[in-house]
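One gets our numbering by counting positions in the sequence shown from 1 and adding 36 to each. By construction, the Cβ of each residue, glycine as well, lies at the ideal position given by its N, Cα and C atoms. Each remark here refers to the structure printed beneath this line.
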Amino acid sequence: MPYPTPYECAKEFVAHTGRNIFITGKAGTGKTTFLHQFRAETTKQIAVVAPTGVAAVNAGGATIHSFFQLPFTPFTPTPAGRESLITRMRMNSSRRRVIRELEVLVIDEVSMVRADLLDAMDTVLRSVRHRGSEPFGGVQVVFIGDMYQLSPVVKADEWRILSDYYRGIYFFHSHVIQEHPPVYVEFDKIFRQSDNLFIDVLNQVRNDSLSPEGFNLLQSRYDPHFNPLPEENYITLTTHNFSADTINSAELEKINTTAHQFNAVVKGEFPENAFPVDRVLTLKEGAKVMFVKNDMEVPRRYFNGKIGTVTRIMEESVTVLCPGDTDEITVSPVIWENIRYTTHPETNMVEEEIIGTYKQVPLRLAWAITIHKSQGLTFDKAIIDAGKAFSPGQVYVALSRCRSLQSLVLKSPINRYSIEVNEQVVRFSSAKPGEDRVAEELQLAKEQFKMNLLMQLYNFDPLLQTARSWHFDTKENESSFSEGTVPFVSEICNQLTELEEVAGKFRMQLQHITGQTPINKTFFAERLRASSSYFTGKIETVLRTLRESAATTDNKANAQEYD
Numbered sequence: 037m038p039y040p041t042p043y044e045c046a047k048e049f050v051a052h053t054g055r056n057i058f059i060t061g062k063a064g065t066g067k068t069t070f071l072h073q074f075r076a077e078t079t080k081q082i083a084v085v086a087p088t089g090v091a092a093v094n095a096g097g098a099t100i101h102s103f104f105q106l107p108f109t110p111f112t113p114t115p116a117g118r119e120s121l122i123t124r125m126r127m128n129s130s131r132r133r134v135i136r137e138l139e140v141l142v143i144d145e146v147s148m149v150r151a152d153l154l155d156a157m158d159t160v161l162r163s164v165r166h167r168g169s170e171p172f173g174g175v176q177v178v179f180i181g182d183m184y185q186l187s188p189v190v191k192a193d194e195w196r197i198l199s200d201y202y203r204g205i206y207f208f209h210s211h212v213i214q215e216h217p218p219v220y221v222e223f224d225k226i227f228r229q230s231d232n233l234f235i236d237v238l239n240q241v242r243n244d245s246l247s248p249e250g251f252n253l254l255q256s257r258y259d260p261h262f263n264p265l266p267e268e269n270y271i272t273l274t275t276h277n278f279s280a281d282t283i284n285s286a287e288l289e290k291i292n293t294t295a296h297q298f299n300a301v302v303k304g305e306f307p308e309n310a311f312p313v314d315r316v317l318t319l320k321e322g323a324k325v326m327f328v329k330n331d332m333e334v335p336r337r338y339f340n341g342k343i344g345t346v347t348r349i350m351e352e353s354v355t356v357l358c359p360g361d362t363d364e365i366t367v368s369p370v371i372w373e374n375i376r377y378t379t380h381p382e383t384n385m386v387e388e389e390i391i392g393t394y395k396q397v398p399l400r401l402a403w404a405i406t407i408h409k410s411q412g413l414t415f416d417k418a419i420i421d422a423g424k425a426f427s428p429g430q431v432y433v434a435l436s437r438c439r440s441l442q443s444l445v446l447k448s449p450i451n452r453y454s455i456e457v458n459e460q461v462v463r464f465s466s467a468k469p470g471e472d473r474v475a476e477e478l479q480l481a482k483e484q485f486k487m488n489l490l491m492q493l494y495n496f497d498p499l500l501q502t503a504r505s506w507h508f509d510t511k512e513n514e515s516s517f518s519e520g521t522v523p524f525v526s527e528i529c530n531q532l533t534e535l536e537e538v539a540g541k542f543r544m545q546l547q548h549i550t551g552q553t554p555i556n557k558t559f560f561a562e563r564l565r566a567s568s569s570y571f572t573g574k575i576e577t578v579l580r581t582l583r584e585s586a587a588t589t590d591n592k593a594n595a596q597e598y599d
């Protein structure tokens with residue numbers, strides 16, 4: 037029987053298990069497509085986060101720091117560091133509810149996530165969910181990214197602090213990953229390129245194993261004086277923002293047509309570092325532009341990364357003609373959303389709340405962009421100026437944006453230093469398990485997932501912890517609550533304590549039954565039926581006590597917290 041494909045394996049792991057999973061693959065293997073498909077199809081309570089504002093907007097999620105209310109200072113994975121993080125955390129009740137109801141956390145562009153940041157996330161999840169012994173507080177985490185692409189950023193003074201606790205800066209150096217490694221699944225089918233020779237060279241660059249033949253092949257594309265005609269629609273990929281801005285400004289200045297400015301409309305909360313395009317966008321007829329968003333119309337007229345030339349500018353729209361197209365595309369300002377996750381007050385389902393919007397024409401000048409901004413995009417023709425590459429993965433990201441070797445020109449030569457791969461990444465990737473091992477882990481994880489669902493069903497400790505917190509608050513602020521509130525909450529705590537004591541014994545019984553080989557399915561079913569009847573009655577008693585409560589408060593904050 038053939039093993040499932042990596043794509044099928046990943047779908048099964050995220051849909052039918054609770055195992056943490058690292059989904060990786062070379063550039064152009066469909067990682068982003070997988071994220072969007074999983075998000076659209078899953079029935080689990082899900083949140084998507086990313087390390088940067090732009091990556092978060094592109095993934096339709098939130099930044100890691102905003103979602104977890106984390107400081108930008110280094111996190112030390114010590115008892116004192118964890119206590120400091122939790123005591124200084126200012127997280128409101130609605131965010132806590134989101135985290136407690138969460139089933140799946142997707143971390144996109146994980147190659148840029150620092151080790152200490154992941155340990156900080158783990159600390160918050162364990163604390164808020166009252167599940168201190170479980171990695172990530174029992175949330176299933178899906179890591180998506182290619183470790184051979186853009187890497188985390190750490191300053192020298194930050195590393196002086198962190199180097200006492202970490203062997204490296206990547207997410208897999210975090211303590212939580214070292215102790216609880218995720219399943220490693222690598223997508224291996226490349227959709228962006230079809231030229232096997234070019235794919236082979238890209239793999240050599242990715243793995244820092246560039247052969248003399250591969251090096252010569254790349255050098256054959258080196259032409260520092262290359263000056264394409266405007267209609268050839270090349271885009272230049274640079275290492276620094278300054279270089280891209282300089283090229284774009286100079287090229288725009290050469291066009292002898294009227295300049296038009298489009299001002300973005302920002303509403304609510306939308307941080308400047310997450311702006312997907314310029315707040316003030318200056319365009320001229322004849323300017324080379326790139327679409328920076330996928331078209332929502334059917335059939336789709338444009339996509340993120342499509343390049344064209346401005347042919348007409350109106351007050352509220354821009355018309356663009358793209359190479360190979362006979363029809364022009366007229367585009368008006370579109371809206372990007374800044375998402376915050378909330379829980380529905382009645383169903384406790386995790387929902388997306390739009391807390392801010394950014395409205396602007398989805399175009400940017402496209403004579404040049406940075407390699408960083410090109411991640412995830414595909415270009416038909418590109419001039420690559422990566423001679424000043426300053427971090428591992430930049431050259432690979434730039435080269436892999438192109439469909440073929442013939443579609444790229446090197447403005448600066450590729451040198452050995454600029455394609456250097458971090459040895460820690462190589463060692464981490466070399467530990468990838470075989471497909472037989474992954475398939476075996478999948479079957480075990482499915483069985484464990486079913487058992488965990490049962491255990492969660494009979495686990496009343498989170499409710500008990502919430503009630504105890506409620507009891508503490510009402511005692512501390514007794515004057516703000518009506519008479520009888522404290523005894524009422526105390527009674528709820530007593531009922532839940534009794535319920536959890538019995539449930540704990542039943543969970544142990546379930547573990548004993550399922551630990552036998554073979555499982556006595558008849559006895560197992562009988563125990564589930566009996567327990568269902570018993571616990572339903574006990575839960576009804578708790579609910580009846582809650583419904584009969586006459587507790588009130590004259591404090592608006594307390595009312596909002598406990599209603």
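Residue closest to Leu138, alpha-carbon to alpha-carbon, out of Leu161, Ala116, Leu154, Arg124: Leu161
If you pair each beta-carbon of the segment 57–73 with each one of the segment 208–223, do three or more pairs fall below 8 Å? yes
From this set, Leu288, Asp497, Asp182, which residue's C-alpha is nearest Arg242's C-alpha? Asp182
How big is the Cα-Cα spacing for Val12 and Phe262? The chain is shown only over 37 to 599; residue 12 falls outside these bounds and no answer can be derived.
Cβ pair Val142, Val84 closer than 8 Å: yes
Would Tyr206 and Val457 be called neighbours here (beta carbons separated by less than 8 Å)? At the C-beta level, Tyr206 and Val457 stay beyond 8 Å of one another.
Would you identify the three-state DSSP class for Cys438, choosing helix, strand or coil? Three-state result, Cys438: strand.
May I have the straight-line CA-CA distance separating Arg196 from Ala151, to the nearest angstrom? Straight-line Cα distance between these residues: approximately 14 Å.
Touching or not, the segment 279–292 and the segment 308–317, by the rule of three or more beta carbon pairs under 8 Å? no
Between Ser567, Ile555, Lys468, which has its C-alpha nearest Leu493's C-alpha? Ser567
I'd like the list of long-range same chain contacts for Phe49, defined as Cβ closer than 8 Å, with 5 residues on each side in sequence excluded. Arg55, Ile57, Val219, Val221, Leu478, Ala481
Reference Cys358; option with closest CA among Met350, Gly341, Glu351, Asn374: Gly341
Cross-strand partners of Asn374 (DSSP beta bridge): Gly392
With a threshold of 8 Å, are at least 3 pairs of Cβ atoms found where one atom belongs to the segment 387–401 and the other to the segment 291–306? yes
Going straight from the alpha carbon of Ser607 to that of His507, what length do you get? The chain is shown only over 37 to 599; residue 607 falls outside these bounds and no answer can be derived.
Beta strand (DSSP E) segment containing Leu564, residue limits: Leu564 -> not in any beta strand (DSSP E); alpha helix (DSSP H) instead, spanning 557–583.
DSSP has Thr355 in a bridge; who is on the other side? Arg348, Thr366, per the DSSP bridge assignment.
I'd like the ranges of any beta strand (DSSP E) spanning at least 3 consecutive residues and lying wholly in the segment 438–479. Taking only runs of at least 3 residues, the beta strand (DSSP E) segments lying wholly in the segment 438–479 are 444–446.
Beta carbon of Leu106, beta carbon of Met148: below 8 Å? no
Short of 6 Å in beta carbon distance, which residues of its chain neighbour Ile365, apart from the five on each side in sequence? Order them along the chain. Arg337, Tyr338, Val356
State the DSSP-derived secondary structure class of His296, mapped to helix, strand or coil. strand
Residue burial classification, Cys371 (beta-carbon count within 10 angstroms, cutoff 16): Position check: residue 371 holds Ile in this sequence, whereas Cys was assumed. Ile371 comes out exposed.
Could you say if the segment 401–421 and the segment 264–272 meet the contact criterion of at least three C-beta pairs nearer than 8 Å? yes
Does Thr79 pass the burial test, meaning 16 or more other C-beta atoms within 10 Å, or should it be called exposed? Per the 10 Å Cβ criterion, exposed.
Hey, quick one: how far does the beta strand (DSSP E) through Thr68 stretch, first residue to last? Run containing Thr68: none in the beta strand (DSSP E); it sits in the alpha helix (DSSP H), 67–77.
Check whether Thr577 and Gln547 have beta carbons under 8 Å apart: no
Beta carbon of Leu446, beta carbon of Tyr184: below 8 Å? no
Identity of the residue in Ala63, His52, Phe327 nearest Glu77 by Cα: His52
Burial state of Gln545, where buried means 16 or more other Cβ atoms lie within 10 Å: exposed
Checking the sheet assignment: what are the DSSP bridge partners for Tyr258? Leu446
Inter-residue spacing [alpha-carbon to alpha-carbon] between Arg439 and Ala63: 11 Å
Are Ala323 and Ile291 closer than 8 Å when you measure CB to CB? The answer is yes: Cβ separation under 8 Å.
Please return the same chain residues whose Cβ sits closer than 8 Å to the Cβ of Asn488, not counting the five positions on each side in sequence. Gly54
With a CB to CB cut of under 7 Å and the five nearest residues on each side skipped, what residues in its chain are close to Lys574? Leu535
Enumerate in chain order the residues of its own chain whose CB-to-CB distance from Pro264 is below 6 Å, with the five nearest sequence positions on each side excluded. Tyr270
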